[in-house]
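> In my numbering, the protein residues as written are 11 to 359. Note that CB positions come from ideal geometry on N, CA and C, so glycine has one too.
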Ligand SMILES: [Zn+2]
Ligand SMILES: [Zn+2]
């Protein structure tokens, strides 16, 4: 992961706002994930794709786009390039530990998407997870690393960690290179993770959500904390309301003033945020997390972990398998790469 650490930060932010470094590990993690092509390459790597042709077959990306993303993810330290043929130089790409550690993030984004954004699939999530260790179908649950109890928005206290304020530049550095067509994220596979990223992967939307998790509710507070232009803020709040993440409540009549509160759906998204934060803290913060979390029910500092809803043991890339309408259990990768992209949609009929 040295590559990441030496890359950041490129330049100091032009402006500095008090709230900007909050949760910055999440911002950095999102920046990686919400590049549509990088996300899809990682997703296929989790499904077992290793060789260029396998990625190519399921994603159908232009050669140079795919090669660039594989290189980029290798530079970031998420994939490792390993020669598999000594004669002609042939490489395959395997998940590094940092890449494998993104698995809980993928799981929890998936669970959110399945719970709240499915809909189009007759009520069935596209993927059913099986925890191999207990053998049960399960859903991922965000839990406290100290007591293993579930964690929600109101259970957590915050204080600045050793890396506070040191790294806001990364989130500020550039706009997300997210592909403009949101549907592109679901290319090849219907995917609840992609649907979730479409909501939170936009930088300003993410920053607005982050402020709300810290208790910010009013328009002028968002503006002060984020230095966001009012038309952009209006747009993002409307968009989040449109997605059912926030609701507008009048708190004053004359003149009419509103504040924004989370819906249950918005509160549920919180788990994804702190799971991403854990990954960013571990791999992008050089051991200096910007923010420390304390779990009120057990009164211990903690990080978020993702556990099996059935047996409450941690879920990781090695102990979870998938059952899906689109790829059979145990054969996900092979099944997927043997089929042209268009077949995935055709199976719906
Ligand atoms: Zn706890
Ligand atoms: Zn289990």
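1. By the 10 Å Cβ neighbour count, where 16 or more other Cβ atoms means buried, how is residue 241 classified, buried or exposed?
2. If you follow the beta strand (DSSP E) that residue 91 is in, where does it begin and where does it stop?
3. Buried or exposed: where does residue 212 fall if 16 or more other Cβ atoms within 10 Å of its Cβ makes it buried?
4. How many Å lie between residue 311 and residue 67 at the Cα?
5. Take the Cβ of residue 328 as the centre, count every other Cβ of all protein chains shown within 10 Å, and call the residue buried at 16 or more, exposed below.
6. How is the beta strand (DSSP E) around residue 68 delimited, first residue to last?
7. Would you list the one or two residues that DSSP bridges to residue 270?
8. When you compare each of 89, 109, 208 and 115 to residue 252 by their alpha carbons, which one comes out closest?
9. Determine the burial state of residue 272: buried for a count of at least 16 other Cβ atoms within 10 Å of its Cβ, exposed for fewer.
10. Could you spell out where the alpha helix (DSSP H) holding residue 125 opens and where it closes?
11. Is the beta carbon of residue 120 closer than 7 angstroms to that of residue 203?
12. Helix, strand or coil for residue 327 per DSSP?
13. Would you please state the rounded distance, in angstroms, between the beta carbons of residue 226 and residue 115? I believe it to be under 8 angstroms.
14. Taking 6 angstroms as the cut-off, is the CB of residue 153 close to at least one heavy atom of ligand 1?
15. CA-CA distance, residue 360 and residue 264?
16. Do you know offhand how far residue 231's Cα is from residue 174's?
17. Have a look at 149, 218 and 223 and flag the residue whose alpha-carbon is nearest the alpha-carbon of residue 326.
18. Measuring CB to CB, does residue 280 end up less than 7 angstroms from residue 247?
19. Please state whether DSSP places residue 169 in a helix, a strand or coil.
Quick answer:
1. Residue 241 sits at position 231 when you count from the first residue of the chain shown. Per the 10 Å Cβ criterion, exposed.
2. Locating residue 91 in the chain shown gives position 81, where the first residue counts as 1. Run containing residue 91: 89 to 95, per the beta strand (DSSP E) assignment.
3. Here residue 212 is taken as the residue at index 202 of the chain shown, counted from 1. It counts as buried.
4. Translated into the one-based positions of the chain shown, residue 311 becomes position 301. Translated into the one-based positions of the chain shown, residue 67 becomes position 57. Straight-line Cα distance between these residues: approximately 45 angstroms.
5. Position 318 of the chain shown, counted from the first residue, corresponds to residue 328. Counting Cβ neighbours within 10 Å, residue 328 comes out exposed, since fewer than 16 surround it.
6. Along the chain shown, one-based indexing puts residue 68 at 58. For residue 68, there is no enclosing beta strand (DSSP E); the enclosing alpha helix (DSSP H) has its first and last residue at 62 to 69.
7. Working through the chain shown from its first residue, we reach residue 270 at position 260. Partner(s): 258.
8. In the chain shown, the residue the question calls residue 252 occupies position 242. Closest option to residue 252, Cα to Cα, is 208.
9. As a first step, residue 272 is located in the chain shown; it is residue number 262 there, counting from the start. So residue 272 counts as buried.
10. Indexing the chain shown from 1 puts residue 125 at position 115. Residue 125 -> alpha helix (DSSP H) spans 113 to 126.
11. As a position in the chain shown, residue 203 is number 193, starting the count at 1. As a position in the chain shown, residue 120 is number 110, starting the count at 1. Their beta carbons are under 7 angstroms apart, which means residue 203 touches residue 120 by this criterion.
12. Along the chain shown, read from residue 1 onward, the residue named residue 327 stands at position 317. The answer is coil: DSSP assigns residue 327 none of H, G, I, E or B.
13. The residue given as residue 226 occupies position 216 in the chain shown. The residue given as residue 115 occupies position 105 in the chain shown. Contact flag wrong, Cβ pair sits at about 24 angstroms.
14. In the chain shown, the residue the question calls residue 153 occupies position 143. No, Cβ of residue 153 sits at least 6 angstroms from all heavy atoms of ligand 1.
15. Limits of the chain in this structure are 11 at one end and 359 at the other, which puts residue 360 out of reach.
16. Walking along the chain shown from the start, residue 231 turns up at place 221. Walking along the chain shown from the start, residue 174 turns up at place 164. So the alpha carbons of these two residues sit roughly 21 angstroms apart.
17. Here residue 326 is taken as the residue at index 316 of the chain shown, counted from 1. For the residues 149, 218 and 223, the minimum Cα distance to residue 326 belongs to 149.
18. Against the chain shown, residue 280 aligns to sequence position 270. Against the chain shown, residue 247 aligns to sequence position 237. Not in contact: residue 280 and residue 247 (Cβ atoms no closer than 7 angstroms).
19. In the chain shown, residue 169 corresponds to position 159, counting from 1. Residue 169 falls in the strand class under three-state DSSP.
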